[in-house]
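Residue numbers (the working numbering), protein chains in the order written: chain A, 1457 to 1789; chain E, 1457 to 1789.
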């Protein structure tokens, strides 16, 4: 295996989040399912924006958040995703590059506008997502540059890529290149309903070894194996996956391999302000640890640390240096 | 005096904040003076954006923040300010209306784009402002609707309105209408360097009774009377102003009239994340108290409460219901 130019390269939907607070009844009135990501069209996007409260605009996108987190720990990171050359596209590009991430994917010059996710944060800190995919729908295999993928120690892919029509081909192309170069491939299952849409394909990716590392939260795990029993689902995941991490909110996480099951606690926080990005930033810390050769337990601690940071403020991008945060918390890498 | 349709009506520059963190040396490298508001042109705006880190976009504008705060306490509020009909202008309009504020000023359809303020937040939480006034420069006396101004118990004006060429005429028009209707006029001095630019005019407004209520922080007060001695400056302010409040960051505030000087402590906060909006939200609480007939001391406590909320997160708009916050803190109005 040659040296890697990047510790981690992520591929995902390039999205700007539009975040507002609302009471639970807002979700009911607008037919939203709490904690879930729904795909919406432009008309519904406009209707939701008109109804929602005063908002904050901040770059988002699940894998993009993770990659920004990886860079925040001090690692070398790159991102592949599609924006349009419009004001929000410029915001996305500015922000991810400003975070130290290489982002070279060609933008669209015509077609739908840059993707937006209307995030409703309820008083309990839970977030409900409404995604207008827009320009992100046009991510194609051509956008995956073989040389760049082969130069990354780990490539990280989001399950949400199964939604845009051609992105899954970009995903498969990247995985093939990565394995050809002796690299590792990681996948996040993204969302329980996303798993619901693509269960057989995701299981296939895991069982056939197209992905080496799986990230899931409890709900996604239950959806994947269609069982409400955690232990049953976890046992099945251990059989299927080489390495997997299941996050359980305040209960911490479980790291599983064929051989072992390790539990790592969550970092306590005073108040969850906005849960958006918790899973994304957990993955950032874990991937950073793996890329730098820590054991799984320490990698999970780094993940818990980053997740705790991001849920204490609005937005899914860290507001402090994760590198310094890790040092302050006795987790230098 | 007829009943008022609005508790408070604010007139100010309609601005979207673009907020990023940076170390102190960023300010030095880019020739910025810490804690100061600088007016910049479009070229400098682009250069600063290119250099600054990953950012958050959130509606701002000093008087606009105050008015959103006033509405957040549950009061009836209106705002007058100029945006363009572009994406950021739509964000501004959406956010202020979503906060429950009446905002009917006609947008510009041509000319410069909606105003932006590039906010650099240093590790101590201090904010350094770089304002591209854009469309806000085109606020004119015509934008002040006599009937609306006359229907507001208090009108609130920002000193920053002295920067756009015709806004001060809008300001004077509004003050005349308000006094004609038996209403009160409040002014914030906005910024020590703003005071430096318009010292004689501001003193004239205060001494001639064009404004009844003055908001200033310590630096602005020192600039107004060109003295480094707080007590000397405060004595002069007491002679000139009918009612004035001087905010002193963690030292709380001083409320002065010809007859009395009252000191109200600040609300302690664990960590100042972003000082943007501290003065604006203090004014919101104080104005809300006045509008609802509380004494000056309780009004200042409401101000301190709102200021403490806004400095504990990124952005100058409150993230929680100020009405509920006031109730939780034993300050129902």
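Glycine included, each C-beta is placed from N, C-alpha and C at the ideal position.
Which partner residues of residue 1570(A) appear in the DSSP bridge assignment?
-> As a working note, residue 1570(A) is residue 114 in the first chain. Answer is none; residue 1570(A) lacks a bridge partner.
Closer than 8 angstroms, Cβ to any Cβ of chain A: which residues of the stretch 1476-1489 of chain E, in chain order?
-> 1476 and 1477
Hey, is the stretch 1567-1579 of chain A in contact with the stretch 1600-1617 of chain A, meaning 3+ C-beta pairs nearer than 8 angstroms?
-> no
Just checking my contact of residue 1529(A) with residue 1779(A) at CB under 8 angstroms: how many whole Å lie between their CB atoms?
-> As a position in the first chain, residue 1529(A) is number 73, starting the count at 1. As a position in the first chain, residue 1779(A) is number 323, starting the count at 1. Contact holds; Cβ gap of about 5 angstroms.
What is the C-beta distance between residue 1731(E) and residue 1583(E), in whole angstroms, given that I count them as a contact (C-beta under 8 angstroms)?
-> Residue mapping note: residue 1731(E) aligns to position 275 of the second chain, counting from 1. Residue mapping note: residue 1583(E) aligns to position 127 of the second chain, counting from 1. Contact flag correct, Cβ pair sits at about 5 angstroms.
Same chain only: Cβ atoms within 7 angstroms of residue 1757(A), ignoring 5 sequence neighbours per side | For the purposes of this step, residue 1757(A) is taken as residue 301 along the first chain, with counting starting at 1. These residues qualify, in order along the chain: 1720 and 1787.
With distances taken from CA atoms, which of 1681(E), 1635(E) and 1617(E) is nearest residue 1655(E)?
-> Reading the second chain from its first residue, position 199 is the one you call residue 1655(E). Of the candidates 1681(E), 1635(E) and 1617(E), the residue whose Cα lies closest to the Cα of residue 1655(E) is 1681(E).
For residue 1664(A), which three-state DSSP category applies?
-> Here the question's residue 1664(A) lines up with position 208 in the first chain. DSSP places residue 1664(A) in coil when its eight states are reduced to three.
Check the Cβ of residue 1551(E) against every Cβ in chain A and list those closer than 7 angstroms, keeping chain order.
-> Taking the first residue of the second chain as position 1, residue 1551(E) is located at position 95. The contacting residues are 1510 and 1511.
Go to residue 1529(E), then tell me how far its alpha helix (DSSP H) extends in each direction, as first and last residue.
-> On the second chain, residue 1529(E) is found 73 positions in, with the first residue counted as 1. Premise fails: residue 1529(E) is in no alpha helix (DSSP H) and is neither H nor E.
Rounded C-alpha distance that separates residue 1690(A) from residue 1677(A) = Position 234 of the first chain, counted from the first residue, corresponds to residue 1690(A). Position 221 of the first chain, counted from the first residue, corresponds to residue 1677(A). Going by the C-alpha atoms only, they are around 8 angstroms apart.
From the beta carbon of residue 1568(E), is the nearest beta carbon of chain B less than 7 angstroms away?
-> Of the chains in the structure shown, none is chain B; the protein chains are A and E.
From residue 1586(E) to residue 1738(E), what does the alpha carbon distance come to, in whole angstroms?
-> The residue given as residue 1586(E) occupies position 130 in the second chain. The residue given as residue 1738(E) occupies position 282 in the second chain. If I take the Cα positions, the gap works out to 22 angstroms.
Taking the alpha-carbon positions, what's the residue 1467(A) to residue 1520(E) distance?
-> The residue given as residue 1467(A) occupies position 11 in the first chain. The residue given as residue 1520(E) occupies position 64 in the second chain. Computed Cα separation, rounded: 39 angstroms.
Per DSSP, cross-strand counterpart(s) of residue 1779(E) | Looking up residue 1779(E) in the second chain gives position 323. DSSP, once it has assigned bridges, lists no residue as partnering residue 1779(E).
Name the chain E residues that come within less than 9 angstroms of residue 1581(A), Cβ to Cβ?
-> Sequence index remark: in the first chain, residue 1581(A) carries index 125 (1-based). Those do not exist, as residue 1581(A) stays about 12 angstroms from chain E at its closest Cβ, beyond 9 angstroms.
Residue 1598(A) versus 1622(A), 1713(A) and 1699(A), residue with shortest Cα-Cα distance | As a working mapping, residue 1598(A) is identified with position 142 in the first chain. Considering only alpha carbons, the answer is 1622(A).
So the alpha helix (DSSP H) residue 1693(E) belongs to, where does it begin and stop?
-> Sequence index remark: in the second chain, residue 1693(E) carries index 237 (1-based). Element bounds for residue 1693(E): 1686-1696.
Check the Cβ-Cβ distances between residue 1725(A) and every residue of chain E, and say whether any is below 7 angstroms.
-> Taking the first residue of the first chain as 1, we reach residue 1725(A) at position 269. Not closer than 7 angstroms to any Cβ of chain E, the Cβ of residue 1725(A) fails to qualify, so no.
Other residues of its chain near residue 1541(A): CB distance less than 8 angstroms, five sequence neighbours each side excluded | In the first chain, residue 1541(A) corresponds to position 85, counting from 1. Correct list, in chain order: 1563, 1564 and 1565.
On the three-state DSSP scale, how would you describe residue 1547(A)?
-> Position 91 of the first chain, counted from the start, is the residue given in the question as residue 1547(A). The answer is helix: DSSP assigns residue 1547(A) an H, G or I state.
Do the CB positions of residue 1755(A) and residue 1745(A) come within less than 7 angstroms of each other?
-> As a position in the first chain, residue 1755(A) is number 299, starting the count at 1. As a position in the first chain, residue 1745(A) is number 289, starting the count at 1. Yes, they are a contact pair.
Taking any Cβ of chain A, which residues in the stretch 1755-1785 of chain E have a Cβ under 7 angstroms from it, in chain order?
-> Only 1769, 1770, 1771, 1773 and 1775 from the stretch 1755-1785 of chain E bring a Cβ to less than 7 angstroms from some Cβ of chain A.
How long is the line joining the alpha carbons of residue 1483(E) and residue 1547(A), rounded to whole angstroms?
-> Here residue 1483(E) refers to the residue found at position 27 when the second chain is read from its first residue. Here residue 1547(A) refers to the residue found at position 91 when the first chain is read from its first residue. It is roughly 22 angstroms from the alpha-carbon of residue 1483(E) to the alpha-carbon of residue 1547(A).
Own chain, CB closer than 8 angstroms to residue 1480(A), minus 5 neighbours either side, in chain order | If you number the first chain from 1, residue 1480(A) lands on position 24. Only residues of its own chain outside the window of five on either side were considered, and among them 1490, 1578 and 1579 have a CB closer than 8 angstroms to the CB of residue 1480(A), listed in chain order.
Nearest-angstrom beta carbon gap, residue 1551(E) and residue 1515(E) [assumed within contact, 8 angstroms] | Taking the second chain and counting its residues from 1, one reaches residue 1515(E) at position 59. Taking the second chain and counting its residues from 1, one reaches residue 1551(E) at position 95. The pair is a contact, with the Cβ atoms about 4 angstroms apart (cut-off 8 angstroms).
Within the same chain, show all residues whose beta-carbon is closer than 8 angstroms to that of residue 1764(A), passing over the 5 residues directly before and after it, in chain order.
-> Numbered from its first residue, the first chain carries residue 1764(A) at position 308. So the qualifying residues of the chain are 1722, 1723, 1724 and 1725.
For residue 1594(E), name the three-state secondary structure that DSSP assigns.
-> On the second chain, position 138 is the one that residue 1594(E) refers to. If DSSP states are grouped into helix, strand and coil, residue 1594(E) belongs with the helices.
Entirely within the stretch 1707-1747 of chain E and at least 4 residues each: give me those alpha helix (DSSP H) ranges in chain order.
-> Taking 4 residues as the shortest admissible run, the stretch 1707-1747 of chain E contains the following complete alpha helix (DSSP H) segments, listed from N- to C-terminal end: 1734-1747.
Jot down the residue ranges of each uninterrupted alpha helix (DSSP H) in the stretch 1460-1505 of chain E, minimum 4 residues, whole runs only, in chain order.
-> The qualifying runs are 1480-1485.
Between residue 1621(A) and chain E, is there a C-beta pair that is closer than 7 angstroms?
-> Mapped onto the first chain, residue 1621(A) falls at position 165. Taking 7 angstroms as the threshold, the shortest C-beta distance from residue 1621(A) to chain E does not fall below it.
Of all Cβ atoms in chain A, is any one closer than 7 angstroms to the Cβ of residue 1514(E)?
-> Working through the second chain from its first residue, we reach residue 1514(E) at position 58. Judged by the 7 angstroms Cβ criterion, residue 1514(E) is in contact with chain A.
Applying a beta-carbon distance threshold of less than 8 angstroms, which residues of chain A neighbour residue 1547(E)?
-> Locating residue 1547(E) in the second chain gives position 91, counting from the first residue. Correct list: 1511 and 1513.
Residues of the stretch 1514-1544 of chain A with Cβ closer than 9 angstroms to any Cβ of chain E, in chain order = 1514, 1515, 1524, 1542, 1543 and 1544
When burial is assigned at 16 or more other CB atoms within 10 Å of the CB, is residue 1707(A) buried or exposed?
-> Your numbering for residue 1707(A) matches position 251 in the first chain. When all chains shown are included, residue 1707(A) counts as exposed.
Say whether chain E places a C-beta atom closer than 7 angstroms to the C-beta of residue 1554(A).
-> Along the first chain, one-based indexing puts residue 1554(A) at 98. Taking Cβ atoms only, chain E reaches closer than 7 angstroms to residue 1554(A), which makes this a yes.
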